[in-house]
Structure formats: C-alpha cells, structure tokens
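Visitor: Structure below; questions to follow.
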Amino acid sequence: MTINTQNLATLTQENSIQQNSTQEDSVDIAQLRTPIKVDLSPIYEFLGARTTQAWVNAAIADLPLIIQDHANCEKKAAGTAMNLLFRYEFSYDLQRKLAQLIREEMLHYEQVLSIINERGQEWQYLSAGRYAKGMLKHKRTYEPEAMIDVLIIGAFIEARSCERFAALAEVINDERLAKYYRYLLKSESRHFEDYLALAQSLSENNIDERVAFFKAVESELISSPDTELRFHSGEPT
Ligand SMILES: [Fe+2]
Ligand SMILES: [Fe+2]
Numbered sequence: 001m002t003i004n005t006q007n008l009a010t011l012t013q014e015n016s017i018q019q020n021s022t023q024e025d026s027v028d029i030a031q032l033r034t035p036i037k038v039d040l041s042p043i044y045e046f047l048g049a050r051t052t053q054a055w056v057n058a059a060i061a062d063l064p065l066i067i068q069d070h071a072n073c074e075k076k077a078a079g080t081a082m083n084l085l086f087r088y089e090f091s092y093d094l095q096r097k098l099a100q101l102i103r104e105e106m107l108h109y110e111q112v113l114s115i116i117n118e119r120g121q122e123w124q125y126l127s128a129g130r131y132a133k134g135m136l137k138h139k140r141t142y143e144p145e146a147m148i149d150v151l152i153i154g155a156f157i158e159a160r161s162c163e164r165f166a167a168l169a170e171v172i173n174d175e176r177l178a179k180y181y182r183y184l185l186k187s188e189s190r191h192f193e194d195y196l197a198l199a200q201s202l203s204e205n206n207i208d209e210r211v212a213f214f215k216a217v218e219s220e221l222i223s224s225p226d227t228e229l230r231f232h233s234g235e236p237t
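With UniProt numbering applied, the sequence shown covers 1 to 237.
So this is what it looks like as structure tokens:
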C-alpha cells in the first residue's frame, strides 16, 4: 500500500503520526521530505564519546546487518516503553509521553520493515549486542531509583541512535537510506529529551550525578573493543 500525498505531508510533521499512522503499512521513503536540520549539539554534549570512523566503516561494509539491527532496536524501544507504561501508572505525564513514544517507535519499525522489503533483504535473526545490557546491569533495584535509571538509560540509547544516524547519513552511499536516517534525527532527538526530562521530573533529587555515571558507562561501551557489530556496538575488532 502506498501512502498518499496528504499523508506524506503530515508524516514529516512532528505530530503527524498521531493522525495517520494506523492506516499505513508501508511508507514511500523516497518521498519523505528532507527534514529541517536538527541541532545535534545537545546530543554531542550529552554523550561522552563520538562514533569513530572505524565503526562507520564497519557499518557501511555490512549495511544489511545494521538495517536488521535497527529494525530490532525500534521494536525493542517500543517494547521497553510499553513495559514502563504498564509498570508506572501514577504519572499522567509519563503515560502520555510513553504512549506517544510507543506509536512513534512502531511507526519507525514499520518504516524499517519497508526498507528491508524494498532492498530485497532476507530477515535475519540477530542476537542482542552487549550495549543495553551493559547499562541495565547498573540499574538500581529499588523504586523510584530503578525507574529513574531506566529513563536515563533510555535517554542515552536515543541520543546514541541519533548520533549514529547522523554519522551514517553523512557517508552512506544510498541516498534513500541517508534521507531516511536524516528524517529520524528529529524524533529520536526529541525522545532523548523526553526521557531525560521525565527522569528529572520523577526524581526528588538532581539526577546529574546519575547521568554522569551512565555517561561514563555508555562511553566505555561505545569506545572499547567489541567482537560483534551492531547498531550500538563498540569499537570493531
Ligand atoms: Fe525510533
Ligand atoms: Fe526513539
């Protein structure tokens, strides 16, 4: 099913998915308008390390794997948000933000599925990399600290995704895919801000110290040697 022009115009707007997302099962990626340039400086400041050329080279050399892992990441992002939605029902703000996030991540999932389909790529099973587990193992086990940590980790995952989409969009030899990655920057950078703001709003104390802790953990996961290539993997070995 192809999406009509009216829907395409709304798709590129920030809140468009609130209107039409349920009607589409595929999106004509070629027709997505190049979005307004997103200011990535808050993301670069938030993250403790930048993606290296070595990772970009490895990713470009195995794009089918990166695309498959990206699909998995979108699905997991929706799943994680859905878990939070069921677990923490006391906050209106949290519920509203999470509901929006789930719809957006599922739309991204559908879009990546279209890309896989368009490219004639076989679906491949991919185990999860070490990245999310490497942060979640530091999650505190008591509330509300556990929830605060999951939200901070969510902010890092979103920020890193954004940073990597931007890095790939710069060099990728496939303009359709590069355009799609640029299109994602806007929503993923908003997800990063939403997670971070929620974490702070639900905490009685300032979360800066905890953010700094996860910044170091995340940085290490991205910069240290990693035997597996994934969307959020470390330095290729
Ligand atoms: Fe997403
Ligand atoms: Fe996201």
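Just so you know, even glycine gets a beta-carbon here, dropped at the ideal spot from N, CA and C.
Note that the structure is predicted; figures quoted are calculated from it, not measured.
Using 10 angstroms around the beta-carbon of Q53, count the other beta-carbons present and answer buried if the total reaches 16, otherwise exposed.
Guide: Its Cβ having fewer than 16 others within 10 Å, Q53 is exposed.
Visitor: By the 10 Å Cβ neighbour count, where 16 or more other Cβ atoms means buried, how is F86 classified, buried or exposed?
Guide: By the neighbour-count rule (16 or more Cβ atoms within 10 Å), F86 is not buried but exposed.
Visitor: Where residue 271 and G48 are concerned, what is the direct C-alpha to C-alpha distance, given to the nearest angstrom?
Guide: Because the chain in this structure spans residues 1 to 237, residue 271 falls outside the shown range and cannot be described.
Visitor: Can you look up G234 in the DSSP assignment and give me helix, strand or coil?
Guide: Coil at G234, not helix or strand.
Visitor: For the alpha helix (DSSP H) containing I157, list its first residue and its last residue.
Guide: Residues E145 to V171.
Visitor: List in chain order the residues whose CB is within less than 6 Å of at least one heavy atom of ligand 2.
Guide: Output, sorted by chain position: A77, E105, E158, E188 and H191.
Visitor: Since W217 is in the alpha helix (DSSP H), which residue starts that stretch and which ends it?
Guide: Note on identity: in this sequence residue 217 is Val, with Trp being the wrong assignment. Here the alpha helix (DSSP H) through V217 covers D208 to S223.
Visitor: Any heavy atom of ligand 1 closer than 6 Å to the beta-carbon of H70?
Guide: Not so, every heavy atom of ligand 1 lies at least 6 Å from the Cβ.
Visitor: Checking 7 Å against the spacing of the C-beta atoms, do V56 and L185 come in under that value?
Guide: Taking 7 Å as the Cβ cut-off, V56 and L185 do not qualify as a contacting pair.
Visitor: Inspect the CB distances between the stretch 160–173 and the stretch 102–121 and report whether three or more fall short of 8 Å.
Guide: No contact exists between the stretch 160–173 and the stretch 102–121.
Visitor: CB L151 to CB A78, shorter than 7 Å?
Guide: Contact: no.
Visitor: Roughly how many angstroms lie between the CA atoms of T237 and P225, to the nearest whole one?
Guide: Using only the alpha carbons, I get a separation of about 6 Å.
Visitor: What's the C-alpha gap between I148 and Q124?
Guide: If you take the alpha carbons of I148 and Q124, they lie about 34 Å apart.
Visitor: Helix, strand or coil for D226, going by three-state DSSP, please let me know.
Guide: It is a strand residue.
Visitor: Just to confirm my understanding: we take K75, look at its own chain, exclude 5 residues before and 5 after, and list those with CB closer than 7 Å. What are they?
Guide: Same-chain partners within the cutoff: Y109.
Visitor: Looking only at its own chain, which residues have a Cβ that is under 7 Å from the Cβ of I43, when we skip the five neighbours before and after it?
Guide: Correct list, in chain order: A159, C162, E163, S189 and F192.
Visitor: Just to confirm, is the Cβ distance from L101 to A128 under 7 Å?
Guide: Contact flag unset, no.
Visitor: Please list the segments of the beta strand (DSSP E) lying wholly inside the stretch 67–143, counting only runs of 3 or more residues, in order along the chain.
Guide: If we require 3 residues or more, the stretch 67–143 turns out to have no beta strand (DSSP E) run fully inside it.
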